[in-house]
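Novice: Counting with my numbering, you get residues 1452 to 1848 for the letters of the sequence shown.
Backbone N, C-alpha and C define an ideal beta-carbon position, used for all residues, glycine too.
Dumping the structure here so I can ask a few things about it.
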Amino acid sequence: MQMSVPSCSLHPRATELVDEFISWRHHLHAHPETAFEENLTSAFVAEKLKSFGLEVKTGIAKTGVVATLHGNKGAGKRIGLRADMDALDIHETTNLPYASKHPGKMHACGHDGHMTMLLGAAKILAENPDFAGTVDFIFQPAEENEGGGREMVNEGLFDSHPVDTVYGMHNWPGRDIGTMAVKAGPMMASYDVFEIVIEGKGCHAAMPHLGHDPITTAGQVLLALQTIVAREINPLKSAVISPTQIFGGDTWNVIPNTATIRGTVRTFDPDIQDVIEARLVETAKHTARALGCDARVNYQRRYPATINSPAESEIALSVASKIVGVDQVDTNPEPSMASEDFAFMLNVKPGCYIWLGNGPTDGDRLLHNAAYDFNDDAITHGVSYWIALVKEALSRD
1452 MQMSVPSCSL HPRATELVDE FISWRHHLHA HPETAFEENL TSAFVAEKLK SFGLEVKTGI
1512 AKTGVVATLH GNKGAGKRIG LRADMDALDI HETTNLPYAS KHPGKMHACG HDGHMTMLLG
1572 AAKILAENPD FAGTVDFIFQ PAEENEGGGR EMVNEGLFDS HPVDTVYGMH NWPGRDIGTM
1632 AVKAGPMMAS YDVFEIVIEG KGCHAAMPHL GHDPITTAGQ VLLALQTIVA REINPLKSAV
1692 ISPTQIFGGD TWNVIPNTAT IRGTVRTFDP DIQDVIEARL VETAKHTARA LGCDARVNYQ
1752 RRYPATINSP AESEIALSVA SKIVGVDQVD TNPEPSMASE DFAFMLNVKP GCYIWLGNGP
1812 TDGDRLLHNA AYDFNDDAIT HGVSYWIALV KEALSRD
């Protein structure tokens, strides 16, 4: 979709090569692969990187790819740039010419665009690596739910590629093309999940006094969980407890033995995360006991909060301002309660995660929606940002 965009300073090669970049994006969009199954995607990315003359390592966290480029002005700092590769289990409804050819799989979060922008930057930087230092282009699998960022770190990503800093980017529907958003501190929330199994005593539904009803108990647990944030978390802090599944029983006239509640917890503060985990377990168990049942709680911390470090956020802000213009950079975006496993990289290396405008959300062009499509008009902005970021970050003392 073509649209007018604000005046900005795009890299001339990014503009010259945009049609080629769009063709890559459409190919990747048509061939989506989900977590740790990005075999065709990984091969496509690796082939492109090798054709640029880069050192390429594959097989990190199964399907991850990392390419290395050394500047022609000697030794210096080392920077990592990361893009995610995986798709989602969604049946695409866009009817685009390049729509998914894999039924039930779809690039509904724009990772096809993220890969394309990083590939484009790698191509242009490889043509003229006029900087001192080293760049590692990190293509990460399994961002959606499965923690591919964690697996890359655990498999020694930063041992084999010892970057000083690491940067990420995500498209953001609802923000105009030619705009960016960045700030130091939290950008995305932590992502925890829980399962509460209420164990009661089944009986005939007409004689509830002979059993211990896990269904009624589950209802009371649901209500009690909401008091944790409402009454035990500082109102000036942010936290969400969202039960998303509840099920139990199989027929009309039987009170079952068990009922199950599942859900998610989001926050930006590790201390609040600790409080919520402890209180959720206690609340579920004590509420169940008060009604004659028991509760088994399985609480899992999936992703930490995505928190930008100050110095690297200042660099990202400086670069973004040069690419799209100072007035087009939101320097105080409201953090999102969605989560991002780039957080695992930021937990061990300083860095910054920035949002790139993807244009309007009309026609349900929302992240994780079956009608979503990455906006090709954003590609040159993302490519230009990556190139300028490398130059500026590696030149800083």
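Thr1678: which of Glu1733, Asn1523, Glu1489 sits nearest, CA to CA?
Specialist: Closest by alpha carbon: Glu1733.
Novice: Would you tell me roughly how many angstroms separate the C-alpha atoms of Thr1709 and Gly1699, rounded to the nearest one?
Specialist: 6 Å
Novice: Looking at the structure shown, is Arg1816 part of a helix, part of a strand, or coil, going by DSSP?
Specialist: Three-state DSSP puts Arg1816 in coil, outside helix and strand.
Novice: Start and end of the alpha helix (DSSP H) containing Trp1703?
Specialist: Trp1703 -> no alpha helix (DSSP H), and no H or E assigned at all.
Novice: Bridge partners of Leu1807, per DSSP?
Specialist: Per the DSSP secondary-structure output, Leu1807 pairs in a beta bridge with Asn1622, Met1631.
Novice: Let me know the secondary structure DSSP gives Tyr1754 once reduced to three states.
Specialist: Correct three-state label for Tyr1754: strand.
Novice: Helix, strand or coil, according to DSSP, for Met1639 in the structure here?
Specialist: strand
Novice: For Asn1622, which option in Asp1615, Pro1613, Ala1632 has the closest C-alpha, if you only look at C-alpha atoms?
Specialist: Ala1632
Novice: Per DSSP, what kind of secondary structure is Ile1649 in: helix, strand or coil?
Specialist: strand
Novice: Locate the beta strand (DSSP E) running through Leu1532, then write down its first and last residues.
Specialist: Per DSSP, Leu1532 belongs to the beta strand (DSSP E) from 1529 to 1535.
Novice: Along the chain, where does the beta strand (DSSP E) containing Gly1510 start, and where does it finish?
Specialist: 1506 to 1511
Novice: Does DSSP put His1478 in a helix, a strand or coil?
Specialist: helix
Novice: Can you give me the Cβ contacts of Thr1812 inside the same chain, cut-off strictly under 6 Å, excluding the 5 residues immediately before and after it?
Specialist: Pro1624, Gly1625
Novice: Give, in chain order, every unbroken run of the alpha helix (DSSP H) that is at least 4 residues long and sits entirely within the region 1672 to 1739.
Specialist: none
Novice: Give me, in chain order, the residues of the same chain whose beta-carbon lies closer than 8 Å to that of Gly1522; leave out the 5 immediate sequence neighbours on both sides.
Specialist: The residues are Pro1580, Asp1581, Phe1582, Ala1583, Gly1584, Thr1585, Val1586, Leu1845.
Novice: Leaving out five residues before and five after Pro1463 in sequence, what residues of the same chain have Cβ atoms less than 8 Å from its Cβ?
Specialist: none
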